[in-house]
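Numbering (this note's numbering), first residue to last: 42 to 341.
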């Protein structure tokens, strides 16, 4: 239970913002020891319910358990290693109250182990550690999909599009994802005028553990992202599944590469490492995508 402190901090950040009648549903993913400890720890809070994942093991199943077990008209999701800012819930609910807004995502800012970004880690790849990344809108905007660490949906969204697919998404420590991407695309297919809004000025702090700052993890996560995008493309079509990725690869990453090479030319050798990771990260993602298209069930 190495993330226990993160979990209690995450729950505490939500409890501080709940309104009368709101509830916090904590879903435990096939871990009996953690289920028992969490049930005992949070029993004193009337607003907290601790439940076991009753569906497929993994993130999609846990989220679907929350959807089925919750009662409100809005379902907000926060990762167990993220801490919501003090106005996070209120601002998310306000945005969801607007016409045709069915989903809202907020910024997820990395909380680095020593408080500083590693010099070799390009901001455009912060998605590797589950955070908002360079290239996302810097002002409020309609987007294709939310970021899974901190998002919310009106319940009608699930009635229209269904819930999270267990064909995509993280299971245990396997570095795959994109279940929220696939759901958001389905939502727009089900309701063409549905709005999915990103609020960059509303944020959660997302804990980055030291083991995720290894180059080996970085490359595995990029490979897993490519595999996940292949699965999403198979489910919803390549045009929708890769629309944002095309502009990211053709526009955002070349600018990032020039910046990092410029740093290296000015004598900051970490820029050379960051530039190398941009290139190898894209290559690994491409390899994962090809593997996923050829062998849909293959793992990273």
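We put the CB at the ideal spot given by N, CA and C, even for glycine.
Where residue 46 is concerned, the enclosing alpha helix (DSSP H) starts and stops at 45 to 56. For residue 260, the enclosing alpha helix (DSSP H) begins and ends at 256 to 277. Here the alpha carbons of residue 110 and residue 160 stand approximately 43 Å from one another.
Of the other Cβ atoms in all chains shown, 16 or more fall within 10 Å of the Cβ of residue 220; this residue is therefore buried. The beta carbon of residue 50 is closer than 8 Å to those of 124 in its chain, skipping five residues each way along the sequence.
Secondary-structure assignment with DSSP links residue 147 through a beta bridge to 240.
Per DSSP, residue 90 is one residue of the beta strand (DSSP E) stretching across 89 to 93.
Under the 8 Å Cβ criterion, the stretch 250 to 270 counts as touching the stretch 317 to 333, having at least three qualifying pairs. Distance check between residue 76 and each of 48, 87 and 62 places 48 closest, using alpha-carbon atoms only. Residue 194 and residue 230 have their C-alpha atoms roughly 16 Å apart. Boundaries of the beta strand (DSSP E) around residue 191: 191 to 195. Contact between residue 184 and residue 226 does not hold, since the beta-carbon distance rounds to 11 Å and is not under 8 Å.
Judged by pairs of C-beta atoms under 8 Å, the stretch 83 to 92 touches the stretch 63 to 72, as three or more such pairs exist.
The three-state reading of DSSP puts residue 76 in helix, counting H, G and I together.
Between residue 191 and the set 278, 98, 320 and 126, the nearest pair of CA atoms involves 126. If you draw a straight line from the Cα of residue 290 to the Cα of residue 59, it is about 40 Å long. With contacts defined as CB atoms closer than 8 Å, residue 154 and residue 249 qualify as a contacting pair. Under the DSSP assignment, residue 67 falls in the beta strand (DSSP E) whose first and last residues are 65 to 69. Around the beta-carbon of residue 165, 16 or more other beta-carbon atoms lie within 10 Å, marking it buried. Beyond the five residues adjoining it in sequence on each side, residue 243 comes within less than 8 Å, by CB distance, of 126, 128, 129, 132, 133, 147 and 148 in the same chain, given in chain order.
Judged by DSSP in its simplified three-state form, residue 59 adopts coil rather than helix or strand. At the C-beta level, residue 301 and residue 315 come within 8 Å of one another.
If you look at residue 135, you'll find it in the alpha helix (DSSP H) that goes 129 to 137. Contact annotation: residue 228 and residue 143 have beta-carbon atoms nearer than 8 Å. Going by beta carbons, residue 319 and residue 294 fall inside the 8 Å limit.
Bounds of the alpha helix (DSSP H) holding residue 230 are 220 to 231. The DSSP-derived three-state label of residue 160 is coil.
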